[in-house]
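Residues in the sequence shown are numbered consecutively from 1, following the UniProt record's numbering.
Have a look at the structure below, then the notes.
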Amino acid sequence: MLDITLRPATEHDWDFVASVTEACMREYVEQTWGAWRADNPDHFDAQIHQIVQYGRDDIGCVALVDEPGALVLKTLYILPSYQRRGIGAVLMQQIIELAAARRAPIQLRVLRVNPARRFYERYGFVITHSTKERHFMAREVDLFSKPNGG
1 MLDITLRPAT EHDWDFVASV TEACMREYVE QTWGAWRADN PDHFDAQIHQ IVQYGRDDIG
61 CVALVDEPGA LVLKTLYILP SYQRRGIGAV LMQQIIELAA ARRAPIQLRV LRVNPARRFY
121 ERYGFVITHS TKERHFMARE VDLFSKPNGG
């Protein structure tokens with residue numbers, strides 16, 4: 001069993017969240033827009049973020065917003081050195097179970113060049129619409145069967 005926990009983010013987690021975001025997204029942002037710009041700490045909302053911990057190590061972040069009619073997954077970032085270990089699967093299963101308990105679909109957006117789209121598709125997300133840069137995806141709530149991923 002993976003020793004994965006979530007803790008609420010604080011304003012002091014900004015540097016960590018910024019570094020995880022860059023580690024996970026810089027390549028895709030540069031492919032899409034040509035340049036990486038570090039985000040501004042004034043845009044960091046600690047209230048919607050949770051820090052993913054593996055043992056005692058901070059290894060990622062999740063931002064989930066409960067909006068009218070849907071849970072919106074803003075970020076699900078795991079440091080590259082911890083990817084492909086099943087950590088994202090554990091987190092996604094928890095998010096799906098939370099959505100089922102709230103009887104709410106899950107919505108997210110992903111850059112078109114980001115292969116994470118395939119991860120989301122394994123968990124039942126479908127593209128609802130696209131722009132030049134992004135796919136918008138949703139997973140309807142399934143109240144009758146236990147959700148599963150790949």
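Cβ atoms here follow ideal geometry from the backbone N, Cα and C, with glycine treated the same way.
- Take the alpha-carbon of GLU22 and the one of GLU140: they are about 30 Å apart.
- Ranked by how close their Cα comes to the Cα of MET92, the residues ALA63, ALA18 and SER81 have ALA63 in first place.
- Around the beta carbon of GLY88, 16 or more other beta carbons lie within 10 angstroms, which makes this residue buried.
- When only Cα atoms are considered, THR131 and ARG109 end up about 10 Å apart.
- Close CB contacts of VAL20 within its chain, under the 7 Å cut and outside five residues either way in sequence, are with GLY60, CYS61, TYR77 and LEU79 (chain order).
- By the neighbour-count criterion, in which 16 or more other beta carbons inside 10 Å mark a residue as buried, GLN50 falls on the buried side.
- In the three-state reduction of the DSSP assignment, VAL52 falls in the strand class.
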